[in-house]
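All remarks here apply to the structure that follows.
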Amino acid sequence: MIYLRQPLISPHQGSMMNDEWITPKELAQKTGYTEQSINQRAAKENWEKRLRPGVQGGRAHEFSLASAAPFLAKSRSVHEDPAPYLASSSQPRDIWFATFARLNRREKHLITQFILREGISGMMEKLGLNDDPDSKPPK
């Protein structure tokens, strides 16, 4: 394993993260991924890596923020707070529109393609809501 440049920083700084480096644990907290997933991605994408200053044993490491930046930019949880899924109306049409409006562009595309391909009955079946001829919607 090759460790690239190691700028001098104090191991006694208040935060584990400085301006240039971030630990897998910190990345996991920011993105919602597991540390294992982050380490796997870092290995696959050859992120710049170094041993953590002041930590013994060779297992503690951190990644260059420049190497991890594309991953951070693509991580939804870094950019988005959880959307409240509350509709101001209890009308099914309004609930559907409010829910659809909160989907991201990819999710909108996928659900639209699914409905076009499978139809409403296919979607209802996939959701386990098969049409029961005895059940009538409320008026």
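Going by full-length UniProt numbering, the sequence shown runs without a break in its numbering and finishes at 139.
Glycine is no exception: its CB is placed at the ideal position from the N, C-alpha and C atoms.
DSSP, reduced to helix, strand and coil, places Ser75 outside both helices and strands of the structure shown, so it counts as coil. The beta carbon of Glu62 lies closer than 7 angstroms to those of Trp21, Ile22, Thr23, Arg50, Arg52 in the same chain, with the five residues before and after it left out. In the three-state scheme derived from DSSP, where H, G and I count as helix and E and B as strand, Ser64 is classed as strand. Straight-line measurement puts the Cα of Ala66 at about 46 angstroms from the Cα of Glu125.
Ala68 counts as buried, since at least 16 other C-beta atoms from the protein chains shown sit within 10 angstroms of its C-beta. Taking the CA atoms as reference points, Thr34 sits about 31 angstroms from Gln113.
Per DSSP, the continuous beta strand (DSSP E) segment holding Arg50 begins and ends at 49–51. Counting only residues of its own chain and dropping the five nearest sequence neighbours on each side, Ser90 has no CB closer than 7 angstroms to any other CB. For Leu116, the uninterrupted alpha helix (DSSP H) segment begins and ends at 105–126.
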